[in-house]
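What follows is a short report on a single structure.
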Amino acid sequence: MGKLSTHSASHRWLMAFVDWIKPEEATEEAICAQAGEIRDRIGAKASHDGLVVRSMPWSGSFAKKTGLRRHMRGDHEVEGQDVDLSFVISPQTSDGEDIESLLDRFERYARESYPNTCRNPTKSSVRLDFKRTKLSYDLVPMLAVEGDDEAQVLLRSDGERRRTSVQRHIDFVRRRTAKSNELEGRVKFNEGVRLVKWWRELRQSRSEILDDVPTMLIDLLCAKAFDAHGVDETYTETLSRWFGQIAHLVRTRKRVDFTDFRGPANHAGSGLWSVLDPVNSENNVVPPAWGNLHLQELEGWFEDARDGMARVIAADTAGDEGEAREELAALFGNALVDHGGAP
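Whatever position you read off the sequence shown (first residue = 1), add 14 for the working numbering.
As structure tokens, this is what we get:
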């Protein structure tokens, strides 16, 4: 460690690659335009149905600036930027009736507004997939919390009512990005998250056990690694430290929690391992269905990535750019060779 510089080949390749994997500017403009239309249509349906729409804040990776570009060629596929559109609804209708469910209503609004668009309900949203623009949006209805404009309640399909905060989840990522911006060098927290998410997509495509590692879990593990190590001068060394820290956390099953918005959690998390939501410590973001096999595979992923980055550093410091390039391609796919500026 510490022998690389911003002139090192692996850092230059990763710097070019992270610029390429973020959504294109034209895509972001298209998202804003289409999202505005969706908000208008769905919001109007909700209001006509007697709901009181308090706000429609941006949420998810688009707001956190950790989204990925769509890439459907080469050795793996990345669906691209996911866009969450939140609809914060008053707990009572305009007639004063208490609201017990929202997902069924919003599925109907989506069906009436976009009858020819593919729709898929999830546990807490309704997903719209637009073929023409190749963009997808998750409509996420939630109830407002009286007395706290930055708190909401998700009404999930299984009947669970989960307290959350769109604004605080975004702030959680943005404050770490801002902190990384205060340090010397180019490496930023949100761009490190982008690289880890891209790597996650490649590993998922090759796994028979872990085919859906939650984005929130990746966000929180990267945040814990950043809190422990910050960012280095190079992307190479930053990722090496992050992968190593996360491998340790998964191997030891050490509980991961945060004190950004509250004190330390004073209760034991559920399941074999706990990674606690920073705005609601009762929400363990590790999927409840995961058993030892899932966690062992996740541990193996991060240990392989840690060891791979160590080989990149060794090859780069030895001046063997070919070996460094091959190791990075093994981690991030051939897209890194095609779009990372590596010869």
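Idealized CB from N, CA, C, for every residue including glycine.
Since we're looking at a predicted model, the values are computed, not measured.
Which partner residues of residue i appear in the DSSP bridge assignment?
i: residue 69; result: 102
i: residue 169; result: 175
i: residue 157; result: 103, 167
i: residue 152; result: 98, 141
i: residue 162; result: 159
i: residue 290; result: 298
Contact check, residue i vs residue j under 8 Å by CB: the rounded distance?
i: residue 30; j: residue 355; result: 4 Å
i: residue 197; j: residue 245; result: 6 Å
i: residue 307; j: residue 326; result: So it is not a contact: roughly 29 Å between Cβ atoms.
i: residue 270; j: residue 235; result: 7 Å
i: residue 250; j: residue 22; result: 7 Å
i: residue 72; j: residue 217; result: Rounded, the Cβ-Cβ distance is 28 Å, inconsistent with contact.
i: residue 123; j: residue 60; result: 6 Å
i: residue 338; j: residue 24; result: 5 Å
i: residue 168; j: residue 153; result: Actually they do not touch by this definition, with Cβ atoms about 12 Å apart.
i: residue 179; j: residue 158; result: 11 Å between Cβ atoms; not a contact.
i: residue 221; j: residue 311; result: 7 Å
So what's residue i in DSSP terms, helix, strand or just coil?
i: residue 270; result: strand
i: residue 246; result: coil
i: residue 312; result: helix
i: residue 16; result: Note that residue 16 scores 48 on pLDDT, short of 50, meaning its location in the model is unreliable; the coordinates nonetheless yield the value given after this. The answer is coil: DSSP assigns residue 16 none of H, G, I, E or B.
i: residue 256; result: helix
i: residue 275; result: coil
i: residue 75; result: helix
i: residue 224; result: coil
i: residue 212; result: helix
i: residue 353; result: helix
i: residue 235; result: helix
i: residue 330; result: helix
i: residue 193; result: helix
i: residue 59; result: helix
i: residue 303; result: coil
i: residue 200; result: coil
i: residue 80; result: coil
i: residue 50; result: helix
i: residue 1; result: No answer is possible for residue 1: the residues shown for the chain start at 15 and end at 357.
i: residue 39; result: helix
i: residue 229; result: helix
i: residue 262; result: helix
i: residue 24; result: helix
i: residue 146; result: coil
Measure from the C-beta of residue i to each C-beta in chain B and report whether the shortest distance is under 9 Å.
i: residue 182; result: The structure shown contains no chain B; it is built from a single protein chain.
Q | Complete runs of the beta strand (DSSP E) confined to the region 87 to 143 [at least 3 residues] | A | Fully contained in the region 87 to 143 are the following beta strand (DSSP E) runs of length 3 or more, in chain order: 96 to 103, 132 to 135.
Q.
With three or more C-beta pairs closer than 8 Å as the rule, is the region 100 to 119 touching the region 53 to 68?
A. Verdict: yes, contact present.
**Q.** the region 121 to 140 in contact with the region 163 to 172 per 3-pair CB rule at 8 Å
**A.** The region 121 to 140 makes contact with the region 163 to 172; the number of CB pairs closer than 8 Å reaches 3 or more.
Q.
Using a Cβ distance threshold of 8 Å, determine whether the region 311 to 325 contacts the region 256 to 267, with at least three qualifying pairs required.
A. Pairwise C-beta distances place the region 311 to 325 in contact with the region 256 to 267, as three or more of them are shorter than 8 Å.
Q. Is the region 181 to 195 touching the region 75 to 87 in the sense that three or more CB pairs, one from each, lie closer than 8 Å?
A. The region 75 to 87 vs the region 181 to 195: in contact.
Q.
Within 8 Å, do at least three Cβ pairs link the region 204 to 222 to the region 289 to 308?
A. Taking 8 Å as the limit for Cβ pairs, the verdict is that the region 204 to 222 does not touch the region 289 to 308.
Q) So, do the region 138 to 152 and the region 47 to 54 have three or more beta carbon pairs nearer to each other than 8 Å? A) Judged by Cβ distances under 8 Å, the region 138 to 152 makes contact with the region 47 to 54, as three or more pairs qualify.
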